[in-house]
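**Student:**
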Amino acid sequence: MAFMFCLGFCANCKKSVTFNPSKVPSIRVNGEKEPLCFECATKWSRLHPEAKFEIDPEAYEPEEVS
149 MAFMFCLGFC ANCKKSVTFN PSKVPSIRVN GEKEPLCFEC ATKWSRLHPE
199 AKFEIDPEAY EPEEVS
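Residue numbers (the numbering used here): 149 to 214.
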């Protein structure tokens with residue numbers, strides 16, 4: 149059994165963040181999906197309730213891979 153996560157920077161605040169690449173909330177920047185840290189994703193969901201934005205509980209946890 150193995151686990152994987154990505155290390156990147158939040159598209160909004162530029163803070164370093166580890167995340168599950170298939171579940172992390174993201175926004176498009178110049179056509180590319182860029183991750184949001186938990187704090188920025190939470191702020192985004194409060195500011196844009198019409199988007200029905202939910203943060204997956206596993207978004208910032210390692211993903212099990214075979």
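No residue lacks a Cβ here, since even glycine has one placed at the ideal position from N, Cα and C. The model shown is predicted, which means the values in this text are computed figures rather than measured ones.
#1: What residues are listed by DSSP as bridge partners for Pro183?
#2: Inspect the beta-carbon positions of Pro169 and Cys154 and report whether they are closer than 8 Å.
#3: Under three-state DSSP, which class holds Ala159?
#4: Check each candidate in Gly179, Asn178, Leu184 and Arg176 and name the one with the smallest Cα separation from Lys163.
#5: Can you name, in chain order, every residue of its own chain whose Cβ lies under 7 Å from the Cβ of Asp204, other than the five neighbours on each side?
**Tutor:** On the basis of the coordinates in this document:
#1: As a working note, residue 183 is residue 35 in the sequence shown. The partner list for Pro183 (beta bridge, DSSP) reads Ser174.
#2: Position 21 of the sequence shown, counted from the start, is the residue given in the question as residue 169. Position 6 of the sequence shown, counted from the start, is the residue given in the question as residue 154. In this structure, Cys154 lies closer than 8 Å to Pro169 by Cβ.
#3: Counted from its first residue, the sequence shown places residue 159 at position 11. Residue state for Ala159 is assigned as coil, using DSSP reduced to three classes.
#4: Mapped onto the sequence shown, residue 163 falls at position 15. Among Gly179, Asn178, Leu184 and Arg176, the Cα nearest to that of Lys163 belongs to Leu184.
#5: Here residue 204 is taken as the residue at index 56 of the sequence shown, counted from 1. Same-chain partners within the cutoff: Lys171.
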